[in-house]
Amino acid sequence: MAGEGFPVQVCCRVMGVSESGFYAWRTRPLSARALRHAWLTDMIREVHTASRCVYGAAGSTPNSPSAAESRSDTARSPC
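When you number the sequence shown by UniProt numbering, it's gap-free, plus one each residue, and the end is 79.
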């Protein structure tokens, strides 16, 4: 925020959060859910790039054994 020219105090007031809460959030490590989401995002990007950026199931079906994620795991993952 401050690096983009917006004062932290103003942003916190607009978002309705305390400054101390913001600074605590900023230094907190990522949760297991956030780490999994980041991993899934990377996997999707890799598959999309490997399929020459073709959209759809036919062009982007993962072929690697490590991509054996169940549909329920990926369907629950928020975008």
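The beta-carbon is built from N, C-alpha and C at its ideal position, and this holds for glycine as well.
What's the gap between the Cα of serine 51 and the Cα of methionine 43?
About 12 angstroms.
Under a three-way DSSP split, which group does serine 31 fall into?
DSSP places serine 31 in coil when its eight states are reduced to three.
Are the Cβ atoms of valine 10 and glutamate 19 separated by less than 8 angstroms?
Going by C-beta atoms, valine 10 is not nearer than 8 angstroms to glutamate 19.
Identify, in the order they occur along the chain, each residue of the same chain with its Cβ nearer than 6 angstroms to the Cβ of threonine 27, setting aside the five sequence neighbours on each side.
Closer than 6 angstroms at the Cβ level, and outside the excluded window around threonine 27, lies no residue.
Just the C-alpha distance for tyrosine 55 and arginine 36, rounded to the nearest angstrom, thanks.
Going by the C-alpha atoms only, they are around 23 angstroms apart.
Can you look up cysteine 53 in the DSSP assignment and give me helix, strand or coil?
Residue state, collapsed to three classes: coil.
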